[in-house]
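Those sequence lines, one after another, are chains C and F.
Taking my numbering as reference, the numbering of the first sequence is continuous, increasing by one, and the terminal residue is 1182.
Taking my numbering as reference, the numbering of the second sequence is continuous, increasing by one, and the terminal residue is 296.
Don't be surprised by glycine CBs; every beta carbon is placed ideally from N, CA and C.
None of the values given here were measured: they were computed from a predicted structure.
Only one structure is covered here, and it is reproduced in the block below.
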Amino acid sequence: MMVERAEDEEKWLAAGIAAIQQNAFYMHRALDSNNLRDALKYSAQMLSELRTSRLSPHKYYELYMRAFDELRKLEMFFKEETRRGCSTIDLYELVQHAGNILPRLYLLCTVGSVYIKSKEAPAKDVLKDLVEMCRGIQHPLRGLFLRSYLSQVSRDKLPDIGSEYEGDADTVTDAVEFVLQNFTEMNKLWVRMQHQFRLAIGLSGLQGPAREKEKREKERSELRDLVGKNLHVLGQLEGVDLDMYKETVLPRVLEQVVNCKDEIAQFYLMDCIIQVFPDEYHLQTLETLLGACPQLQPAVDIKTVLSQLMERLSNYAASSAEVLPEFLQVEAFAKLSNSIWKVIEAQVDMPILGAVTLYSSLLTFTLHVHPDRLDYVDQVLGACVTKLSSAGKLEDSKSTKQIVALLSAPLEKYNDIVTVLKLSNYPRVMEYLDNKTNKVMAIVIIQSIMKNKTCIATAEKVEALFELIKGLIKDLDGDLHDEVDDEDFKEEQNSVARLLQMLYSDDPDEMLLIICALKKHFLTGGPQRLPYTIPPLVFSSLKLIRKLQGRDENVVGEEASASPKKIFQLLNQTIEVLSAVPASELALRLYLQCAEAANDCDLEPVAYEFFTQAYILYEEEIADSKAQVTALHLIVGTLQRTHVFGVENRDTLTHKATGYSAKLLKKPDQCRAVYACSHLFWVDDQDSIRDGERVLLCLKRALRIANAAQQMANVARGGSGSVTLFVEILNKYLYFFEKGNPQITAAAIQSLIELITTEIQSDTMSQDPAADAFFASTLRYIQFQKQKGGALAEKYESIKV
Amino acid sequence: MNYLIGAFKPSCNISITFADGKSRKQVPTKKENGQTVMVPLFQSQENISGKISVEPLQGKKIEHNGVKIELLGQIVTGKCVRVNIMYFDRGNFYDFTSLVRELDVPGEIYERKTYSFEFSTVEMPYETYSGVNVRLRYVLKVTISRGYGGSIVEYQDFMVRNYTPPPEINNSIKMEVGIEDCLHIEFEYNKNKYHLKDVIIGKIYFLLVRIKIKNMDLEIRRRESTGSGANTHVETETLAKFELMDGAPVRGESIPIRLFLSPYELTPTHRNINNKFSVKYYLNLVLVDEEDRRYFKQQEITVYRLPEAS
């Protein structure tokens, strides 16, 4: 059915074009022989083809363009004809003898154009006559094209200011009057199309009414530019100044827009008005323009219209600072915000997306025009909250996207979260986002902070900020864990961790408050988040401790609220939480960090406490052998550096550590841990801790274990194990030897070297090139020390390699 | 063959010339056979004068019982007028004017002879008219009476037009018409009397439209009636069909009318000419709906001839 129609249409169009061409041919012949009467006859016949009702707008346009080209030639001929002495007024009458109205009016417009050009009559009279006579075409499609032709031929002949057609009798008022009238009539025809189609549907009933309506609307939209062109013409008239726009043009156009009661026309024309006329006009007539909005049909997409307007005004405001006073003068914000409120009020059914889009545009506008008026921004957000509160949480993705845009705008504008934190309605808007979007928004906020390196320096602001990003900090209601992607979750938590760097105050008391606040929030985060959030918090606290430490003297005597001791207590509690996770390895590391910090602060009991906690964790929680090895090395390393302990405490701790070493599962691990422990008894820069004997004991024990390991390897795998352990122990020997441990003798080293050499020679089966190389370079080192000369060389003298 | 033709040939040539023939305005008129010829134009109360010359064919003499010239005003009715070429024998002739001038007493004409004639201030109240069923004509008829072989007759048509000054009272025609709950319109023509080169200006205002109108035309119709009483014969012709509107208007639309009368072959209105015939003009406003139903309203207008500005 549809295909058939399309085919028929093609046929009709082809026939129409052929007829136009044929008549145009005769017309040309008449033109060439200066035969006016025949020229008129054939041109009228040619134009009769435009009387067809069979073509869709698209095809009709094709036909029209053919005729249009021919009319241009005819117009040239008319011009020459008047030069030859035929009076224009006679010509003007002559063409009106045509019996069919459509050809008659096309010819009339064509001669009318020549008539104006001849200046034999005032342009306004001719224009007025033409626009009046065109009323004879009441068929929408044909009328629209005819009037569009009129608009086209008259366009360069309007009595605009500065135009050659301007005169005493012809003013720009006449030009405006003409265009407005043509516009009004065209719009009426255009709107009528919808109405008449509706009748047609009722009659045909062949195609579904919905489909038919859709098709009609499509056809109508193809024609809309014909109507809109009039507004373009008005926009380009020099003589339309602000006063005229305000007093005549806008009221008349709006009157037509409102009265036509057609949603397609209203939307398109409002958009046209906004696009066509200059920004400053809009600004000065804001009230009138906005006043029309609530009067439009409910189905009109008013949000897009207003958004466009606000976008234009925003850009205008952004274009130059000089125009800003104008905005203030006309109270643009109040008018816009009032109008939006009214529109939302009036259109109860407006989807939430519409409202949010409107507020988003208004916010952008406010940010551009009144960057200093935070209260305006907050007001907009508040209005948004009011609207959202009636709808509950947002489900559709477009709306949430709009809200994210809405919330991001102030961040981008101010580049400063601190400013945004002053907006009381900001978090309230966020509440209406779903959890996922809420998180996205939180990340945006964090990124903004990081990008701009905004320092948030008070606990109060931190509280406000955390209110905003709480989606990241804790599980929100109804949040299901399994839907969260692991990667994303990590990324989110890492963001939070990074954020901590920016929460910083120079005032220790304030900083402490911040830390307390953070702790409070983080502790609500649940076991999944703690491993990410606690470490930065701990380090942030430690940073504060170091700072306090630097100015310890000043605070002495004062009852300082932020004392290292207090913070350590806090830390202790904080880390303890991790055990619930459980993340004992992490906790252990943190305890050790704290212990070291306490050491630096000379707080022996505190340090001891932290060590104790670490040991407890080691004993009770860390079962994995690899983890044990790592943990043990960390403990040993930390303990080695700690100097705050008295003999007794230190003994307890070192003893324990050594004990743990021997209890490791794998022999090589045991061996390494034990020789590492040797360092606990010999700290180079502390005279009090130089127990050579126990160092030797450790090393010997290590040797024994290495030996055992070797044997086990032999038994288990049939080949001897690596000599690496021995070489490692040899290096320890050399270290202590050089440091001057009296218990480590050249002879002992000598025998160890020999032992290793034998081991290597006896075992030809399993070559370990790495171990060999290690041993060789160790020997080279000894060699080198010997040759270097000085005190060390003498010590090495007795060792033979 | 030549002989045969010669036998029916009139034995002389008669020519009629008007005294002011060269300066007088000539207008085209259609003869019955459709040929257009130029004839002189007169109006009522003019003098009609000129010369008649009679020239016998070579070597012949004409014996006659007298020569006369008549000025006849004739009304010819009946369908056949257009068919018959020379003799109106099947139409009904009625001479409403008949003036005679005797030019010569009985005698013989041997050679070319010229007579002067004059009809002064001739009363010619009616205009020349050529319609469907009726024709009004003015003619000069020269008769050379003969006792045998029949009289020799020659005709010369001329045209009469009478002019009317613009009427002092010329009201507009304004009327509201309609079909209940279906269509209500108000139309207005600026005058009720129009001269032949006039323009009809007006407008149609749609008060109510419930039908789907396709287009609207304004027609000029001529109503020619002949005879009287029961024998009245009426012939109506549509002279102009002028499209005023294309498409369906809605309530409140007003459509302009501007119709130039000059392209159409109108005559002045003739009312009851010598009790023989009338010619009246009507404007017929026709609205056509999508199912080709016609809704119309007819209004009479008077057409008159305005003195030509010269």
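Query	Result
Classification of arginine 98 of chain F by the beta-carbon crowding that lies within 10 angstroms, buried from 16 upward	exposed
Bounding residues of the beta strand (DSSP E) (the contiguous stretch that carries leucine 247 of chain F)	From DSSP, leucine 247 of chain F is part of no beta strand (DSSP E); its letter is neither H nor E.
Any chain F beta carbon closer than 8 angstroms to glutamate 573 of chain C	Reading the sequence as shown, one finds arginine at residue 573 of chain C and not glutamate. Chain F, which has a Cβ nearer than 8 angstroms to the Cβ of arginine 573 of chain C, makes this yes.
Between the CA atoms of histidine 439 of chain C and glutamate 210 of chain F - distance to the nearest angstrom	50 angstroms
Residue of F:Val62, F:Gly133, F:Phe4 and F:Leu57 minimising C-alpha distance to tyrosine 115 of chain F	F:Val62
For alanine 226 of chain F, the residue or residues it bridges with in DSSP	F:Ile206
Sequence-distant residues of its chain with Cβ nearer than 8 angstroms to arginine 516 of chain C (five each side left out)	Glu566
Terminal residues of the alpha helix (DSSP H) in which histidine 520 of chain C lies	Unbroken run through histidine 520 of chain C: none, as it is neither H nor E.
Where proline 152 of chain F sits in the DSSP three-state scheme	coil
Separation of glutamate 140 of chain F from isoleucine 0 of chain F, as counted between CA atoms	7 angstroms
Cα-Cα separation between leucine 508 of chain C and glycine 493 of chain C, rounded to whole angstroms	8 angstroms
Cβ of alanine 556 of chain C within 8 angstroms of any chain F Cβ	no
CB contact below 8 angstroms: leucine 483 of chain C versus chain F	yes
Spatial neighbours of glutamate 939 of chain C in its chain, beta-carbon cut-off 7 angstroms, leaving aside the 5 residues before and after	Because the pLDDT of glutamate 939 of chain C is 47, which lies under 50, any placement of that residue in the model is unreliable, and the number read from its coordinates should be weighed accordingly. Excluding sequence neighbours, glutamate 939 of chain C sits near nothing in its chain.
DSSP state of asparagine 416 of chain C mapped onto helix, strand, coil	coil
Min CB distance leucine 85 of chain F to chain C below 8 angstroms	no
Members of the segment 602 to 618 of chain C that neighbour chain F once the beta carbon cut-off is set at 7 angstroms	none
Per-residue contacts from glutamate 474 of chain C into chain F (C-beta, under 7 angstroms)	Phe246
Bounding residues of the beta strand (DSSP E) (the contiguous stretch that carries leucine 126 of chain F)	120 to 131
Span of the beta strand (DSSP E) around methionine 145 of chain F	138 to 146
Contact with chain C by valine 236 of chain F, beta-carbon distance below 8 angstroms	yes
Under the three-state DSSP convention, the category tyrosine 913 of chain C falls into	helix
Minimum Cβ-Cβ distance from glutamate 513 of chain C to chain F less than 8 angstroms	yes
Spatially closest choice to arginine 453 of chain C from C:Leu488, C:Arg693, C:Leu417 and C:Ala727, by CA coordinates	C:Leu488
Helix, strand or coil at threonine 629 of chain C [DSSP, three-state]	helix
Alanine 226 of chain F versus F:Lys283, F:Arg208 and F:Ser214, residue with shortest Cα-Cα distance	F:Arg208
Under the three-state DSSP convention, the category histidine 576 of chain C falls into	helix
Same chain, Cβ closer than 8 angstroms to threonine 745 of chain C, neighbours up to 5 away in sequence not counted	Met691, Glu692, Ser695 and Ala790
CA nearest to the CA of tyrosine 230 of chain F, picked from C:Ala838, C:Asp450, C:Ile482 and C:Ala591	According to the sequence displayed, residue 230 of chain F carries leucine and not tyrosine. When only C-alpha atoms are compared, the closest one is C:Ile482.
Serine 718 of chain C vs leucine 687 of chain C beta-carbon contact at 8 angstroms	no
Beta-carbon proximity check, leucine 245 of chain F vs tyrosine 267 of chain F, cutoff 8 angstroms	no
Short Cβ contact (8 angstroms threshold) for leucine 1015 of chain C with leucine 973 of chain C	yes
Endpoints, beta strand (DSSP E) assigned at serine 1158 of chain C	Counting along the chain, serine 1158 of chain C falls outside any beta strand (DSSP E), though it belongs to the alpha helix (DSSP H) covering 1150 to 1169.
Isoleucine 798 of chain C beta carbon less than 8 angstroms from that of isoleucine 837 of chain C	yes
Alpha-carbon spacing of valine 120 of chain F relative to glycine 20 of chain F, whole angstroms	16 angstroms
Residue span of the alpha helix (DSSP H) that contains glutamate 872 of chain C, given as start and end	867 to 880
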